[in-house]
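Below is one structure, written out as structure tokens; the observations come after it.
Protein chains: 2
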Amino acid sequence: MSYSIGQVAEKTGLSAYTLRYYEKEGLLPYVQKNASGLRIYNEDDISWLSMIECLKATGMPIKEIRQYIEWYKEGDATLSKRLELFRKRRLTVEQELSKLKKILGKVEFKIRLYEKAVAAGSLEAANNSEEINQLREELFGDPNYFPEVEEKKAV
Amino acid sequence: MSYSIGQVAEKTGLSAYTLRYYEKEGLLPYVQKNASGLRIYNEDDISWLSMIECLKATGMPIKEIRQYIEWYKEGDATLSKRLELFRKRRLTVEQELSKLKKILGKVEFKIRLYEKAVAAGSLEAANNSEEINQLREELFGDPNYFPEVEEKKAV
DNA sequence: ATATACGTTAGAGCGTACTCTATATCAAGG
DNA sequence: CCTTGATATAGAGTACGCTCTAACGTATAT
């Protein structure tokens, strides 16, 4: 099965512009062209694209993705470099996950605070409530810790 | 306690350039200046900065952070808008978390694959091994699912 | 055969978030 | 007073990842 650039764009959610850009940047070294110069993508190209999307989702910049692809093209001589690369990606993703979990806690605290504020019609009232201070202590281990202390500010 | 821009840069890890840029973009509307025009940051400014860092970590662009700050300045009339904003942030973070967990699974699969490939000296051998195919099935529910099928490609 | 839709290239442009430069002023120690 | 180092401003420049334009070629239905 083969696909035009438009069909691949449809399938992947990437624009045709982006597909050509990736190719220009060396991320899709295997895309064939027919006699008239039109790109013909096959299943393997689609698979490469899903690999690229995976690496991008780990926060990897395009230059480094190209590096991976170049190593891939060099064959088994670069296996350990590629292993190393994936281990670094794992670390990055793990760090991002733990960062985001903390952030989620803070956002959830804010939601509770603002739910109470909306109910009370006053941020100040919610912010000084027993419930919120207790929550603050539970979440941040300190009733005096205000990750969003700006609410206390006299404006 | 008050701080110079350099001290705040030190404390927060942001550059002085970035601090001025944030101010210009309306993210730090309360920073005072002394008679000579030098910025004097106080604890509340630091707190705003940590709020900004939190919102940035949720993927929020600077323009929207400014919107939040403008709503904050308008007082209790905008409480429900701000609640809504935090609920959207929660959704964004939850989606990002679930995406990253899937990505981590794929990266871990790759690590196992490459560990085996390094041991065998051949990606092809690892890729066709019983163990890897079993893992593929465990992880992706399909022994024929190849999220990185490019390894099968004849290069 | 021609209209229309889709594809090609090279290269310019854009949005975001900084980051730096040039030039000038400020603050503190010797 | 003078030097040194931090800070001020306006505005230019950078890096990244696209995104689009212009001018032209291809494919296909009527």
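Protein chains in written order, with our numbering: chain A, 1 to 155; chain B, 156 to 310.
C-beta atoms are modelled at their ideal positions from N, C-alpha and C, and glycine is treated no differently.
Computed from a predicted model, the values in this text were never measured in an experiment.
Kindly identify the DSSP beta-bridge partner or partners of residue 7(A). DSSP lists no partner for residue 7(A).
Shortest alpha-carbon distance to residue 174(B) belongs to which of 248(B), 200(B) and 215(B)? Comparing Cα-Cα distances from residue 174(B) to each of 248(B), 200(B) and 215(B), the minimum goes to 200(B).
Sequence-distant residues of its chain with Cβ nearer than 8 Å to residue 149(A) (five each side left out): Bear in mind that the predicted position of residue 149(A) carries a pLDDT of just 49, short of 50, making it too unreliable to give a figure here.
Outcome for residue 131(A) when other beta-carbon atoms lying within 10 angstroms are tallied against a minimum of 16: Result: exposed.
Determine, for residue 251(B), whether the minimum Cβ-Cβ distance to residues of chain A falls below 8 Å. Using beta-carbon distances, residue 251(B) counts as an interface residue toward chain A, with a partner under 8 Å.
Tell me which same chain residues have a C-beta within less than 7 Å of the C-beta of residue 163(A), skipping the five on either side of it? No statement about residue 163(A) is possible, as the shown extent of chain A runs from 1 to 155 and does not include it.
Taking only beta carbons into account, state which residues of the segment 212–235 of chain B come closer than 8 Å to chain A, listed in chain order. Taking 8 Å as the Cβ-Cβ cut-off against chain A, the residues of the segment 212–235 of chain B that qualify are 212, 213, 227, 228, 230, 231, 234 and 235.
Counterpart residues of residue 195(B) in DSSP-defined beta bridges: Answer is 187(B), bridged to residue 195(B).
Compare the C-beta of residue 86(A) with all C-beta atoms of chain B and state if any pair is closer than 8 Å. Yes, residue 86(A) counts as interfacial toward chain B.
Could you tell me which residues DSSP pairs with residue 157(B) in its beta bridges? Secondary-structure assignment with DSSP links residue 157(B) through a beta bridge to 197(B).
N-terminal and C-terminal residue of the alpha helix (DSSP H) that residue 169(B) is part of: Per DSSP, residue 169(B) belongs to no alpha helix (DSSP H) and is neither H nor E.
Pick from 296(B), 188(B), 181(B) and 258(B): whose alpha carbon is nearest that of residue 224(B)? Nearest of 296(B), 188(B), 181(B) and 258(B) to residue 224(B), Cα basis: 181(B).
Roughly how many whole angstroms lie between the Cα atoms of residue 42(A) and residue 52(A)? Here the C-alpha atom of residue 42(A) lies approximately 16 Å from the C-alpha atom of residue 52(A).
Whose C-beta lies closer than 6 Å to the C-beta of residue 272(B) among residues of the same chain, with five residues either side of it excluded? Non-local beta-carbon contacts of residue 272(B) in its own chain, meaning distances under 6 Å to residues more than five positions away in sequence, involve 278 and 281 in chain order.
Which of helix, strand or coil DSSP assigns to residue 206(B): Helix at residue 206(B).
Roughly how many angstroms separate the alpha carbons of residue 137(A) and residue 57(A), rounded to a whole number? Distance between the alpha carbons of residue 137(A) and residue 57(A): 34 Å.
DSSP three-state assignment for residue 121(A), whether helix, strand or coil: In the three-state scheme derived from DSSP, where H, G and I count as helix and E and B as strand, residue 121(A) is classed as coil.
Would residue 209(B) and residue 81(A) qualify as a contact pair, given that the criterion is a beta-carbon distance under 8 Å? Their beta carbons are not under 8 Å apart, which means residue 209(B) does not touch residue 81(A) by this criterion.
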